[in-house]
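Engineer: The structure that follows is given in the form of structure tokens.
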Amino acid sequence: MATQLTERRKAEKRQTLVEFKDLQTIFETEAGTIRAVNGVSFQIREGETVCIVGESGSGKSVTALSLMRLISPPGKIVGGEIFFDGKDVLKLSEREMRHLRGNQVGMIFQEPMTSLNPVLTVGEQIMEPLMEHRLMTKSEARKQAIGLIEQVGIPRAAEIVDAYPHELSGGMRQRIMIAIALSCDPKLLIADEPTTALDVTIQAQILDLLRKLKEERNMALMLITHDLGVVAEMADYVIVMYGGRIVEEGYVLDIFRNPRHPYTEGLIKAKPVIGRRTERLYTIPGQVPNPINLPNHCYFADRCPYVMPACLERYPETTVDERGHKTACFRCAEGAER
Amino acid sequence: MTIATESKVRAVKRKADSPWKSAWRRFIRNPMAIAALTMLTVIVLFSFVGPFFSPYKDARITVKNANQPPSAEHWLGTDNLGRDVVLRLMQAGQISLLVGLMATGVILLLGGTIGLVSGFYGGWVDSIFMRFADIMFAIPTLPILITFGAILSDLKFPPDRRIYLVMLIIGLISWMGLSRLVRSQVLSLKEQEFMLAAEALGLRDRRKLFAHLLPNIIPIMIVSGTLGVAGAILLESALSFLGLGVIPPTPSWGQMLSAANNMVDFSKRPWLWIPPGVMILITVVSINVIGDALRDAFDPKMKR
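Chains as they are written, first to last, in the working numbering: chain A, 1 to 338; chain B, 1001 to 1304.
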């Protein structure tokens, strides 16, 4: 416990790298307005791994894409601020934004099969950001690319640099994606479900690689996932999203040992435990709320086992305990014992 | 066992196959494509190299030899001015092929650029270009050509330069199909994850357009360009036949047909109009076959 506390103190001394302040991103569809991200605020410190957890449609990816300003119509960022390294990302010009993307913030995607351009060699694709942002010549960039391929743990880098994506396996392609994202030494790497499309052994390798590279470069990592196993393994800090809002956030051990929001509790309960075999895995009853016309009370109230009258009246405020563990739930606000 | 391992090692060492190379390999495995390619090569050689071997290349117009039927001296006879039809056919081939090629160049440049730009930028740029294409599509080809031809005749455009204008005009009235094709391709490519990834790398538009989109579109441009050559040759023939294309004495296959466009030549002197007709037919058919074969070769679903 003591070491954990010193770790935490160390973490708190680090500088804030990214700060989301009341971010609002909507999608205007014919059926109505979808509030994909609805008032999200959190911080990522330098060198820290922040995991964002939640079901599909909870706004995890949209939060990340908002930081990169890659929300395309009908999507729109309608409110809030995002600070990266002290600058408000939402106020940058398109040119400054391009300088941020790929250079200071790298991003890897879920599907390594479709995230690489099929008609360019992997070398060409790694060289591109280097030539764009670092103004390298072709031969310098190529040398750098071979080095990067080695760093992401692919043998025979000098040959692979001239390979086309279709010649590589899924795991190798994801490594190449990581090499591309890291080519310009970004301060932050956004990984949007980087292991979802890979098989389990490869998943572990990719996570190991990410952790190693992150430590070598003192890079912050924003890891989007719905796999709590990945969270337990990687995260320093965890953000749980539901219906476009943060329902709970805190340091990883607090979240796992002492989940406060009933949704987080349900997520952890739904995880299979080795050695304990049950008839059926636990599932959270009910459905994710329809993103159009979200209720004006707690979004989780319909599925919550502890629902109270207040839950159906208004959305709960976020409360913070002395350990920095934030929860948006009336039960915590009242200090209810469970 | 050793042999198996060895061959595996060799397979690994083999240089990476670019999509172009594997498409080419698929192309040359198609016997129809090879036949058509051979045919086309023969026609090109016939047109461009053939004249050097013709004994009549310096011959003047000799009216006393006019309208002779095929013989040992003149394999395909002579025309109404006593010129050797074989030589005429070769020279006409040069013009027709050149017109086809250059007009296609114009089509690829115009249609490709417009399609790429309107697909990539979308919005009002897209609307303007595509409505313009719609308007161009709506105007029937022949009336436009006849108008152009009439204007050209009125402007007293030098006849020897007219050929370039014909290329340009053919290009200007046939880019729309390609631009729509390219645009729709760009629209579907834009939704691919690798384009989002390129966006996330902060690449500038120029690089996204030319390094990421263009290489993905080149196959359809090659295919439609090949087919376009055939179309342009036909269009040039039609133009020349109507007297709006190249002007005599510059020959083209269509122009040769047009020169034989009277009852006497038609019924009595088939050597004047059958050869150019056959040349147009063979050329267009071979080019179309090649185009189809290229399409098959580039189609990833055809991968064997």
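For every residue, glycine included, the Cβ atom is placed at its ideal position computed from N, Cα and C.
All figures in this text were calculated on a predicted structure; none of them were measured in a lab.
Measuring alpha carbon to alpha carbon, tell me which residue in R323(A), K76(A), P316(A), E233(A) is nearest H261(A).
Structural biologist: If you number the first sequence from 1, residue 261(A) lands on position 261. For the residues R323(A), K76(A), P316(A), E233(A), the minimum Cα distance to H261(A) belongs to P316(A).
Engineer: Please classify W1124(B) as buried or exposed, where buried requires at least 16 neighbouring CB atoms within 10 angstroms.
Structural biologist: Numbered from 1 along the second sequence, position 124 holds the residue referred to as residue 1124(B). Exposed, because fewer than 16 other Cβ atoms sit within 10 Å of the Cβ of W1124(B).
Engineer: Can you check whether the CB of L312(A) is closer than 7 Å to the CB of H325(A)?
Structural biologist: In the first sequence, the residue the question calls residue 325(A) occupies position 325. In the first sequence, the residue the question calls residue 312(A) occupies position 312. No.
Engineer: With burial defined as no fewer than 16 other Cβ atoms inside 10 Å of the residue's Cβ, what is the status of Q174(A): buried or exposed?
Structural biologist: Within the first sequence, residue 174(A) is the residue found at index 174, counting from 1. Q174(A) comes out buried.
Engineer: Within the stretch 26 to 99 of chain A, note down every full alpha helix (DSSP H) run reaching 4 residues or more, in order along the chain.
Structural biologist: The stretch 26 to 99 of chain A contains these whole alpha helix (DSSP H) runs: 60 to 68.
Engineer: Give a yes or no on whether 7 Å exceeds the smallest Cβ distance from M308(A) to chain B.
Structural biologist: Numbered from its first residue, the first sequence carries residue 308(A) at position 308. No, M308(A) does not count as interfacial toward chain B.
Engineer: Count the other C-beta atoms from every protein chain shown that fall within 10 angstroms of the C-beta of Q287(A), then say buried if there are 16 or more, exposed otherwise.
Structural biologist: Along the first sequence, one-based indexing puts residue 287(A) at 287. It counts as exposed.
Engineer: I'd like to know whether the C-beta of S115(A) is nearer than 7 Å to at least one C-beta of chain B.
Structural biologist: Here residue 115(A) refers to the residue found at position 115 of the first sequence. Closer than 7 Å: yes.
Engineer: Please confirm if G102(A) has its CB atom under 7 Å from at least one CB of chain B.
Structural biologist: For the purposes of this step, residue 102(A) is taken as the residue at position 102 of the first sequence. It does: the Cβ of G102(A) has a partner Cβ on chain B nearer than 7 Å.
Engineer: Please report the Cβ distance between G59(A) and A31(A), rounded to the nearest whole angstrom; I am assuming they are in contact, meaning their Cβ atoms lie under 8 Å.
Structural biologist: Position 59 of the first sequence, counting from 1, holds the residue named residue 59(A). Position 31 of the first sequence, counting from 1, holds the residue named residue 31(A). Their Cβ separation, rounded to whole angstroms, is 18 Å, which puts G59(A) and A31(A) out of contact at 8 Å.
Engineer: By a C-beta neighbour count over all protein chains shown, 10 Å radius and 16 as the cutoff for buried, is T225(A) buried or exposed?
Structural biologist: Position 225 of the first sequence, counted from the first residue, corresponds to residue 225(A). A residue is called buried when at least 16 other Cβ atoms come within 10 angstroms of its Cβ; T225(A) meets this threshold and is buried.
Engineer: What residue does the beta strand (DSSP E) around A220(A) start on, and which one ends it?
Structural biologist: As a working mapping, residue 220(A) is identified with position 220 in the first sequence. 220 to 225 is the extent of the beta strand (DSSP E) around A220(A).
Engineer: Under 8 Å Cβ to Cβ from R142(A), same chain only, skipping five residues before and after it: list those, please.
Structural biologist: Within the first sequence, numbered from 1, the residue matching residue 142(A) stands at position 142. Non-local C-beta neighbours of R142(A) in its own chain, meaning closer than 8 Å and more than five positions away in sequence, comprise G123, M127, V161, ordered along the chain.
Engineer: Of all Cβ atoms in chain A, is any one closer than 7 Å to the Cβ of A1200(B)?
Structural biologist: Here residue 1200(B) corresponds to residue number 200 of the second sequence, with the count starting at 1. So, interface residue.
Engineer: Could you tell me the boundaries of the alpha helix (DSSP H) in which D302(A) lies?
Structural biologist: For the purposes of this step, residue 302(A) is identified with residue 302 of the first sequence, where counting begins at 1. Premise fails: D302(A) is in no alpha helix (DSSP H) and is neither H nor E.
Engineer: In three-state terms, what does DSSP make of D185(A)?
Structural biologist: For the purposes of this step, residue 185(A) is identified with residue 185 of the first sequence, where counting begins at 1. Three-state result, D185(A): coil.
Engineer: Mapping DSSP to helix, strand and coil, what is K271(A)?
Structural biologist: By one-based count along the first sequence, residue 271(A) stands at place 271. Three-state result, K271(A): coil.
Engineer: Straight-line CA distance for I239(A) to L223(A)?
Structural biologist: Within the first sequence, residue 239(A) is the residue found at index 239, counting from 1. Within the first sequence, residue 223(A) is the residue found at index 223, counting from 1. Cα to Cα, the separation comes out at about 10 Å.
Engineer: DSSP beta-bridge partners for K1208(B)?
Structural biologist: For the purposes of this step, residue 1208(B) is identified with residue 208 of the second sequence, where counting begins at 1. None; K1208(B) has no bridge partner.
Engineer: Measuring alpha carbon to alpha carbon, tell me which of L1209(B), F1048(B), I1034(B) ends up nearest I1290(B).
Structural biologist: In the second sequence, counting from the first residue as 1, residue 1290(B) sits at position 290. Closest option to I1290(B), Cα to Cα, is I1034(B).
Engineer: Apart from the five residues on each side of it in sequence, which residues of its chain come closer than 7 Å, Cβ to Cβ, to E111(A)?
Structural biologist: Along the first sequence, read from residue 1 onward, the residue named residue 111(A) stands at position 111. Within the same chain, E111(A) has close Cβ partners A197.
Engineer: For T283(A), name the three-state secondary structure that DSSP assigns.
Structural biologist: As a first step, residue 283(A) is located in the first sequence; it is residue number 283 there, counting from the start. In the structure shown, T283(A) sits in coil (DSSP, three-state: anything other than H, G, I, E or B).
Engineer: Starting from F1121(B), follow the alpha helix (DSSP H) in both directions and report where the run begins and ends.
Structural biologist: Start at 1 with the first residue of the second sequence, and residue 1121(B) comes out as number 121. Note that residue 1121(B) is Tyr in the sequence shown here, rather than Phe. Unbroken alpha helix (DSSP H) run through Y1121(B): 1085 to 1121.
Engineer: Contact criterion: CB-CB distance below 7 Å. Does E111(A) meet it with respect to chain E?
Structural biologist: Checking the listed chains, one finds no chain E in this structure; the protein chains it contains are A and B.
Engineer: Any beta carbon from chain B within less than 7 Å of M107(A)'s own beta carbon?
Structural biologist: The sequence position of residue 107(A) within the first sequence is 107, counting from 1. So, interface residue.
Engineer: Does the beta-carbon of Q15(A) have 16 or more other beta-carbons within 10 angstroms, so that it is buried, or is it exposed?
Structural biologist: Taking the first residue of the first sequence as position 1, residue 15(A) is located at position 15. It is exposed - the Cβ of Q15(A) has fewer than 16 other Cβ atoms within 10 Å.
Engineer: Following the continuous beta strand (DSSP E) through V238(A), name the residue where it begins and the one where it ends.
Structural biologist: Here residue 238(A) is taken as the residue at index 238 of the first sequence, counted from 1. Its beta strand (DSSP E) spans residues 237 to 242.
Engineer: Mind checking if P155(A) is an interface residue toward chain B, Cβ cutoff 7 Å exclusive?
Structural biologist: As a working note, residue 155(A) is residue 155 in the first sequence. False, the Cβ-Cβ gap to chain B never drops below 7 Å.
Engineer: Please list the terminal residues of the continuous alpha helix (DSSP H) segment that includes R245(A).
Structural biologist: Start at 1 with the first residue of the first sequence, and residue 245(A) comes out as number 245. Counting along the chain, R245(A) falls outside any alpha helix (DSSP H), though it belongs to the beta strand (DSSP E) covering 245 to 251.
Engineer: Find the residues of chain A that neighbour S1018(B), judging by a C-beta separation of less than 7 Å, and give them in chain order.
Structural biologist: Your numbering for residue 1018(B) matches position 18 in the second sequence. Result: Y164.
Engineer: Mind listing which residues of the stretch 67 to 87 of chain A have their C-beta closer than 8 Å to chain B's C-betas, in chain order?
Structural biologist: M68, L70
Engineer: Am I right that F256(A) and I268(A) are in contact with their C-beta atoms under 8 Å? What's the rounded C-beta distance?
Structural biologist: One-based indexing of the first sequence puts residue 256(A) at position 256. One-based indexing of the first sequence puts residue 268(A) at position 268. Confirmed, Cβ separation roughly 7 Å.
Engineer: According to the neighbour-count rule (16 or more other Cβ atoms, all chains shown, within 10 Å of its Cβ), is M241(A) buried or exposed?
Structural biologist: Stepping through the first sequence from its first residue, residue 241(A) is reached at position 241. Per the 10 Å Cβ criterion, buried.
Engineer: Just the chain B side, please: which residues come within less than 7 Å of R98(A) by C-beta, in chain order?
Structural biologist: Here residue 98(A) refers to the residue found at position 98 when the first sequence is read from its first residue. Against chain B, the beta carbon of R98(A) has neighbours under 7 Å at G1202, R1204, listed in chain order.
Engineer: Would you list, in chain order, the members of the stretch 1206 to 1237 of chain B that have their beta-carbon closer than 8 Å to a beta-carbon of chain A?
Structural biologist: R1207, A1211, H1212, P1215, N1216
Engineer: Quick check on N1030(B): buried or exposed, where buried means 16 or more other Cβ atoms within 10 Å of its Cβ?
Structural biologist: Within the second sequence, numbered from 1, the residue matching residue 1030(B) stands at position 30. Looking at its Cβ environment, which holds 16 or more other Cβ atoms inside 10 Å, N1030(B) is buried.
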